[in-house]
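K.L.:
Going left to right, the sequence shown walks through residues 32 to 482 as the numbering used here numbers them.
Heads up, the beta-carbon is just placed ideally off N, CA and C, and yes, glycines get one too.
If you're wondering where the values come from, they're calculated on a predicted model, not measured in any experiment.
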Amino acid sequence: MIKIELPEKVKFIIDTIENAGFEAFAVGGCVRDSILKRDPADWDITTSARPEQIKALFRRTIDTGIEHGTVTVMLKNEGFEVTTYRIDGEYEDSRHPKEVTFTPVLREDLARRDFTINALAYNDRVGIVDEFDGLGDLEKGIVRAVGVAEERFGEDALRILRAFRFAAQLDFEVEEKTAAAAASLAQTLEKISAERINTELTKLLISDHPDDILKLYEAGITKVILPEFDECMATEQNTPHHCYSVGVHTSKALANFRSDMASSKNELRVMRFALLLHDFGKPSAKTTDENGRDHFKGHALYSEKLAVKILRRLKSDNNTIDTVKRLVKYHDYRPECTEKSIRRAINKVGVDIFPMLIPMQHADISAQSDYKRDEKLERLDCMANIYRGIIERKECVTLKDLAVNGNDLIKAGMKPGREIGETLSWMLDRVLEEPSCNTKEILMGMLQEKI
């Protein structure tokens, strides 16, 4: 019998419910992930007890979804969703059932769940409850709908995208009939809110298989949620620097930026979105010369505008939009490999963006043809080495790091106003040329000479 180590609080909730004469099981993704030796993000519990009975058993609860049978049990400021076994009625909006019916039968509750690998339940008394061969599908590495796939997708169209997201996260394949049903119903994703689409797309992009964006394309999903990607797939690149369509190049660039290249999960998310969107402007920028060679002049600016438009459409937060926008804008920026040029590049691009730009360009170049690849990567390594030296020496690259500020200029007799800003910018320009000038004595001396 498969044994799962339940967290103490989860075990306490299950034991409390069962000691009161009801059934209770950990259910869904937490069971799946435990079997796969992955850390569950959260623990959900399903039970034969009604919501009011659960509320009577625990000191502190929150009615998070009581109309659908869900009560959150709070234990020392940690919440656990406990949901009564239920049967969902007819779905009206590809998300919510018109009504739910509570049932005392666990199998009937598991039958309403999306995929077999998520329809697993467990407690220490019974062990694994697997009514739909979810264990077999975990063994095979497939994502398969519970029952009839068309019915499951009809209940909540987001499950179409979730199927491929789970496959990307788990390194699984979507089972053939499930994939066919997803493709046939892809258009119903139009009914799903941008926020929910964004959540699932993000989870796919930060998985170990962000290049599964191609599988979304093949299933007709991007045509609905990200039609710009379909345009990229249809845009060939007849140039020595490339050997793939814009869309395939994009998928390979995404895969080239490994998760261990990011300093945090948030940076991984932002970088993967930037790589997804970095060439979306190429279809609009494409021209072909008399020799049949393609050119994409100005595509970074086209891509920047599209990135903002798409991220706003997906209801992304302003910080994400701003960071991705700047990464996309400068993704093709290639300063000279000199200390002076790199200092100016850091100042131009931003101290927060420049260190992210280097691995982004690495992923981009590695997804191109072999033409001058070694030369491009050598230049990138040179940039990285110079950047590290500038940071280690704590050289001034922004006004904030300048040894002189506006108050110093006012004390020296300068009147408040635009001239102060212009003077500080002039000083920074001198310091970017020669970092050793960044002392108050030297800068104020330069000011006297200028005056």
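Give me the Cα-Cα distance between V255 and L459, rounded to the nearest whole angstrom.
P.N.:
In the sequence shown, residue 255 corresponds to position 224, counting from 1. In the sequence shown, residue 459 corresponds to position 428, counting from 1. Cα to Cα, V255 sits roughly 48 Å from L459.
K.L.:
How should Y418 be labelled, buried or exposed, when 16 other C-beta atoms within 10 angstroms of its C-beta is the threshold for buried?
P.N.:
The residue given as residue 418 occupies position 387 in the sequence shown. Y418 comes out buried.
K.L.:
Which residue wins for smallest C-alpha separation from D168, given the options E409, E204, T351?
P.N.:
Taking the sequence shown and counting its residues from 1, the one referred to as residue 168 is at position 137. Cα-wise, what sits closest to D168 is E204.
K.L.:
Less than 8 Å between the beta carbons of H362 and A398, yes or no?
P.N.:
Translated into positions along the sequence shown, residue 362 becomes position 331. Translated into positions along the sequence shown, residue 398 becomes position 367. Their beta carbons are not under 8 Å apart, which means H362 does not touch A398 by this criterion.
K.L.:
Residues in the same chain with beta-carbon distance under 6 Å from T315, minus the five sequence neighbours each way, listed in chain order, please.
P.N.:
As a first step, residue 315 must be located in the sequence shown, where it is residue number 284. According to the sequence as given, residue 315 is Ser; it is not Thr. These residues qualify, in order along the chain: Y333.
K.L.:
Ignoring anything shorter than 3 residues, give me the beta strand (DSSP E) runs that lie fully in the segment 83–122, in order along the chain.
P.N.:
92–96, 101–106, 109–115, 117–119
K.L.:
Is DSSP giving F288 helix, strand or coil here?
P.N.:
Locating residue 288 in the sequence shown gives position 257, where the first residue counts as 1. Three-state result, F288: coil.
K.L.:
For C427, which residues in the same chain have their Cβ closer than 8 Å to its Cβ, ignoring the five residues on either side in sequence?
P.N.:
For this step, residue 427 is matched to residue 396 along the sequence shown. Here the set comprises L433, A434, L459, V462, L463, P466, N469.
K.L.:
Does the Cβ of M32 have 16 or more other Cβ atoms within 10 Å, making it buried, or fewer, making it exposed?
P.N.:
If you number the sequence shown from 1, residue 32 lands on position 1. Burial call: exposed.
K.L.:
Please state if the CB of A210 and the CB of P241 are separated by a distance shorter than 8 Å.
P.N.:
Within the sequence shown, the letter at position 210 stands for residue 241. Within the sequence shown, the letter at position 179 stands for residue 210. Contact flag unset, no.
K.L.:
Which residue wins for smallest C-alpha separation from I421, given the options D405, P390, A376?
P.N.:
Taking the first residue of the sequence shown as 1, we reach residue 421 at position 390. It is A376.
K.L.:
May I have the straight-line CA-CA distance separating K403 from Q392, to the nearest angstrom?
P.N.:
Here residue 403 refers to the residue found at position 372 of the sequence shown. Here residue 392 refers to the residue found at position 361 of the sequence shown. For K403 and Q392, the distance between alpha carbons rounds to 14 Å.
K.L.:
Answer yes or no: do H272 and S456 have a C-beta to C-beta separation smaller than 8 Å?
P.N.:
Counting from one through the sequence shown, the residue named residue 272 turns up at place 241. Counting from one through the sequence shown, the residue named residue 456 turns up at place 425. Their beta carbons are not under 8 Å apart, which means H272 does not touch S456 by this criterion.
K.L.:
According to DSSP, which residues form a beta bridge with L337?
P.N.:
In the sequence shown, counting from the first residue as 1, residue 337 sits at position 306. L337 pairs with nothing; no bridge assigned.
K.L.:
Given a cut-off of 8 Å on the beta-carbon distance, is the pair D75 and G96 in contact?
P.N.:
Along the sequence shown, read from residue 1 onward, the residue named residue 75 stands at position 44. Along the sequence shown, read from residue 1 onward, the residue named residue 96 stands at position 65. Not a contact, by the Cβ cut-off of 8 Å.
K.L.:
In this structure, does DSSP put N269 in helix, strand or coil?
P.N.:
Within the sequence shown, the letter at position 238 stands for residue 269. DSSP places N269 in coil when its eight states are reduced to three.
K.L.:
Please list the segments of the beta strand (DSSP E) lying wholly inside the segment 138–192, counting only runs of 3 or more residues, in order along the chain.
P.N.:
151–154, 158–161
K.L.:
Report the rounded CA-to-CA distance for D202 versus L430, giving the unit in angstroms.
P.N.:
Start at 1 with the first residue of the sequence shown, and residue 202 comes out as number 171. Start at 1 with the first residue of the sequence shown, and residue 430 comes out as number 399. Between the C-alpha atoms of D202 and L430 there is a straight-line separation of about 47 Å.
K.L.:
When you compare each of E207, D291, L245, L192 to A225 by their alpha carbons, which one comes out closest?
P.N.:
The residue given as residue 225 occupies position 194 in the sequence shown. When only C-alpha atoms are compared, the closest one is L192.
K.L.:
Exposed or buried, which one is G100 when buried takes at least 16 other CB atoms within 10 Å?
P.N.:
As a working note, residue 100 is residue 69 in the sequence shown. G100 counts as buried, since no fewer than 16 other beta carbons sit within 10 angstroms of its beta carbon.
K.L.:
Is L67 buried or exposed, if buried means 16 or more other CB atoms sit within 10 Å of its CB?
P.N.:
Numbered from its first residue, the sequence shown carries residue 67 at position 36. Per the 10 Å Cβ criterion, exposed.
K.L.:
Ignoring anything shorter than 4 residues, give me the alpha helix (DSSP H) runs that lie fully in the segment 233–281, in order along the chain.
P.N.:
As far as the segment 233–281 is concerned, its whole alpha helix (DSSP H) runs of at least 4 residues are 244–249, 253–256, 258–264.
K.L.:
Rank A394, I244, E182, R196 by C-alpha distance to the C-alpha of T219 and give the top, closest one.
P.N.:
For the purposes of this step, residue 219 is taken as residue 188 along the sequence shown, with counting starting at 1. Of the listed residues, the one whose Cα sits closest to T219 is E182.
K.L.:
Out of N269, A214, A213, R196, state which residue places its alpha-carbon closest to the alpha-carbon of D243.
P.N.:
Translated into the one-based positions of the sequence shown, residue 243 becomes position 212. Ranking the options by Cα distance to D243, first place goes to R196.
K.L.:
Going by alpha carbons, who is nearest to R38 out of K208, D70, I48?
P.N.:
Locating residue 38 in the sequence shown gives position 7, counting from the first residue. Note on identity: in this sequence residue 38 is Pro, with Arg being the wrong assignment. Of the candidates K208, D70, I48, the one whose C-alpha sits nearest the C-alpha of P38 is D70.
K.L.:
Give the secondary structure of H362 by DSSP, where H, G and I count as helix, E and B as strand, and everything else as coil.
P.N.:
Taking the sequence shown and counting its residues from 1, the one referred to as residue 362 is at position 331. Note: H362 maps to coil in three-state DSSP.
K.L.:
Excluding five sequence neighbours on each side, which residues of the same chain lie with their C-beta closer than 8 Å to the C-beta of E206?
P.N.:
Within the sequence shown, residue 206 is the residue found at index 175, counting from 1. D168, I173, V174, R175, A176, listed in sequence order.
K.L.:
Locate the beta strand (DSSP E) running through A57, then write down its first and last residues.
P.N.:
For the purposes of this step, residue 57 is taken as the residue at position 26 of the sequence shown. Start and end: 55–58.
K.L.:
Could you round the C-beta distance between F311 and C263 to whole angstroms and report it? I think they count as a contact, below 8 Å.
P.N.:
The residue given as residue 311 occupies position 280 in the sequence shown. The residue given as residue 263 occupies position 232 in the sequence shown. Going by Cβ atoms, the distance from F311 to C263 rounds to 6 Å, so yes, they are a contact pair.
K.L.:
Among T134, D140, A443, F43, which one has its Cα closest to the Cα of F111?
P.N.:
The residue given as residue 111 occupies position 80 in the sequence shown. It is F43.
K.L.:
Which term fits Y364, buried or exposed, when burial requires 16 or more other beta carbons within 10 angstroms of its beta carbon?
P.N.:
The residue you call residue 364 lines up with position 333 of the sequence shown. Result: exposed.
K.L.:
Excluding sequence positions up to five away, which residues of its chain have a Cβ less than 8 Å from the Cβ of S290?
P.N.:
Position 259 of the sequence shown holds residue 290. Excluding residues within five positions, the ones whose Cβ falls inside 8 Å are I237, D239, L299.
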